[in-house]
Amino acid sequence: MTAVSTSPTPAAPTDRPRIVALPGDGIGPEVVASALQVLHAVGDFEVAEHPVGAAAIDRTGQPLPPDTLAACAAADAVLLGAVGTGHQPADPDAPRPEQGVLELRAALGLYANLRPVRALPALAAAGPLKPDRTKDVDLIVVRELTGGLYFGRRARTAHDAYDTCTYTVTEIERVTRVACELASRTGRRARVTSVDKANVLDTSRLWRETVTRVVAHEYPHVALDHLLVDTAAMRLVTDPASFDVILTENMFGDILSDETAAITGSLGLLPSASLPGAPDPDGGIRGGLFEPVHGSAPDIAGRGQASPLGTVLSVALMLRHGLGRPAAADAVEAAVERALDAGLRTPDLGGSATTDDTTRAVLAAL
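Following our numbering from start to finish, the sequence shown increments by one per residue and tops out at 756.
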């Protein structure tokens, strides 16, 4: 894979920002189509669709075709649906849909993944946690995205296999700065909780030492504490409101951020942003990838049952952090909240609203 040079660049103000849409697989095309309707309702954008994942393998034999990568590298922002088919190929060397997203993140230098989690009053009873546990929860998980086990050396034989977890000081420093910049923003509590497994892993010990040094030297106003990942997992369900910004490595962040679905009531409500640096508070940062946290859900693909809200809220993140349009982002988020306040419930929230019903409700609330 050829890396694409993408130094973090503030989003340039343009009349028609260039957006690449990657519908992907399963329910991806349905939720992306819905989210694009919302995007076009709040501004004028140039949108081009390209294949990725299994859809790209079917067309080109590659999960990330060169044309798709080139289009993403030239775009102001990328919107992704989901990838995956729900089964693994019999040949372990065959291309896998998920490789397309991993390669895209690495090629575009998207090392910081942001997953905001906010408990909505309308859904206080929708999740498994008691409402008093989720009240006032407003946290962000910042996950390092291009190091760790997912990108380390690996091998497999008929009798054994290994995956290697590696982190460099530079990788840890830069994602720590992103977490601290976000924690320092207006409306946040200037508190970072770094999550690791420093009692066992050398990479985690390096992680803890590096995070401590960066915060002490560069962000002395930020309150820092460290938690082992098992303790953090427990606190996310017993006292989630105690968190402001959670900073962690790739695999731990993958798992913990999915656990936060217990706070919102559904994985289908969680958006994410993968960025090449800390977003400028006024202008955003060009070249980010925005996608819902949920998977491709091939079992319900084509039925019109998929909730597009995670993708719609990812559009809000794109508007805020990628395109520097915070007012439009606020409008989209407020529209989703108003639709839920009015009783909108998708199947994942115990209701029967279809994908189209949900899209219409959000557009009406705009």
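No residue lacks a Cβ here, since even glycine has one placed at the ideal position from N, Cα and C. Just so it is clear, the structure is predicted and the values come from calculations on it, not from any experiment.
Run through DSSP, which three-state label would Val-702 get?
Three-state DSSP puts Val-702 in a helix.
Output the distance between the C-alpha atoms of Ile-409 and Leu-469, rounded to the nearest integer angstrom.
Computed Cα separation, rounded: 7 Å.
With DSSP run on the structure shown, which of helix, strand or coil describes Asp-434?
Here Asp-434 sits in coil by DSSP.
Once DSSP output is grouped into helix, strand and coil, what is the label at Phe-680?
Here Phe-680 sits in strand by DSSP.
With a 10 Å radius around its C-beta and 16 neighbouring C-beta atoms as the bar for buried, classify Pro-482 as buried or exposed.
Result: exposed.
Determine whether the beta carbon atoms of Ala-652 and Gly-517 lie at a separation below 8 Å.
Yes, the Cβ-Cβ distance between Ala-652 and Gly-517 is below 8 Å.
When the distance is taken between beta carbons, is Gly-712 closer than 8 Å to Leu-500?
Going by C-beta atoms, Leu-500 is not nearer than 8 Å to Gly-712.
List the whole-angstrom C-beta distance separating Thr-638 from Leu-626, where the pair is believed to meet the contact cut-off of C-beta under 8 Å.
Incorrect: roughly 11 Å between the Cβ atoms, too far for contact.
Please classify Asp-634 as buried or exposed, where buried requires at least 16 neighbouring CB atoms within 10 angstroms.
Burial call: buried.
Rounded to whole angstroms, what's the CA-CA distance from Ser-574 to Arg-546? Just pull it up for me.
Answer to the nearest angstrom: the Cα atoms are 44 Å apart.
Buried or exposed, going by whether 16 or more other CB atoms sit within 10 Å of the CB of Val-559?
With fewer than 16 Cβ atoms within 10 Å of its Cβ, Val-559 is classed as exposed.
Whole beta strand (DSSP E) runs in the stretch 445 to 501 with 3 or more residues, listed along the chain?
Runs of the beta strand (DSSP E) inside the stretch 445 to 501: 467 to 472.
Can you check the stretch 524 to 574 for any alpha helix (DSSP H) of at least 4 residues that lies completely inside it and give the ranges in chain order?
Counting whole runs of 4 or more residues, the stretch 524 to 574 contains the alpha helix (DSSP H) stretches 559 to 573.
May I have the straight-line CA-CA distance separating Gly-451 from Val-442, to the nearest angstrom?
About 11 Å.
Tell me whether the beta-carbon of Arg-735 lies closer than 8 Å to the beta-carbon of Ala-725.
It is not a contact, given that the beta carbons lie outside the stated cut-off.
Could you work out which residue in Arg-710, Ala-696, Ser-704, Leu-753 is closest to Asp-738 when comparing CA atoms only?
The shortest Cα separation from Asp-738 among Arg-710, Ala-696, Ser-704, Leu-753 belongs to Ala-696.
How long is the line joining the alpha carbons of Arg-505 and Ala-569, rounded to whole angstroms?
If you take the alpha carbons of Arg-505 and Ala-569, they lie about 11 Å apart.
Rounding to the nearest angstrom, what Cα-Cα distance links Thr-593 and Val-722 in this structure?
In a straight line, the C-alpha of Thr-593 is about 39 Å away from that of Val-722.
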